[in-house]
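Below you'll find the structure, written out as structure tokens, and then a few comments.
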Amino acid sequence: MAWSFHLIQTPLRDGLLLLARLLLAWIFIHEGFVLAANLDGTFAAMAKLGVPACLAAATIVLQLGAGLAVAAGWQTRAAALSLCLFCVATAVLFHANFTVRNELLHFEKDLAIAGGMCAFMVVGAGQFSVDGLAQTWRLAVAKTTRNHSSGHERGHLR
Numbered sequence: 159m160a161w162s163f164h165l166i167q168t169p170l171r172d173g174l175l176l177l178a179r180l181l182l183a184w185i186f187i188h189e190g191f192v193l194a195a196n197l198d199g200t201f202a203a204m205a206k207l208g209v210p211a212c213l214a215a216a217t218i219v220l221q222l223g224a225g226l227a228v229a230a231g232w233q234t235r236a237a238a239l240s241l242c243l244f245c246v247a248t249a250v251l252f253h254a255n256f257t258v259r260n261e262l263l264h265f266e267k268d269l270a271i272a273g274g275m276c277a278f279m280v281v282g283a284g285q286f287s288v289d290g291l292a293q294t295w296r297l298a299v300a301k302t303t304r305n306h307s308s309g310h311e312r313g314h315l316r
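Count along the sequence shown from 1, add 158, and you get the number used in the working numbering.
Structure (structure tokens):
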């Protein structure tokens, strides 16, 4: 029998999704804190690249907010979409000088991270996440409500 990703079942699957979320989110969380720790330097460096201070501040908020959301698995698909778009924009706007090897590597890294975020948009965060806990809770409430209402219809509840 050929090995298949479908053979990876919960909790191993959910553990791997958690690990992937933490690894991919780390770069955004770390960089967001680094940028926030030195706002004057961040704004000056961004200004040299033609990025206004308000956009630099939004970048910090995006990296920290969406990075923490992906790490926690909260609103994962939306957070992953925002980070995917951020990575593609960063690659195209700031790392498109392919004659410089370092810029090419940053371009490729940004696209690879965007690809990882696309995967989270498709599969979600898994059960070891805020989204997973919320889904489990919603299903339990729906089941309880369904069982309760079906008992009323039959006249079995007192």
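Where a beta carbon is used, it is the ideal one built from N, C-alpha and C, also for glycine. For clarity, every value in this text was computed on a predicted model and none was experimentally measured.
> Using the C-alpha atoms, what's the distance from A254 back to L170?
Replying inline: 38 Å
>> Here's a check: name, in chain order, each residue in its chain whose Cβ is nearer than 7 Å to the Cβ of V288, leaving out the five neighbours to either side.
In response: Cβ within range, chain order: A230, G231 and W232.
>> Please classify Q167 as buried or exposed, where buried requires at least 16 neighbouring CB atoms within 10 angstroms.
In response: exposed
>> For A224 and F186, I'd like the C-alpha separation in whole angstroms.
In response: 8 Å
>> The alpha helix (DSSP H) that contains F191, what's its start and end?
In response: L170 to A195
> So, using beta-carbon positions, are V228 and L263 closer together than 8 Å?
Replying inline: No, these two residues do not count as a Cβ contact at 8 Å.
>> Is it buried or exposed, T200, if we count other Cβ atoms within 10 angstroms and call 16 or more buried?
In response: buried
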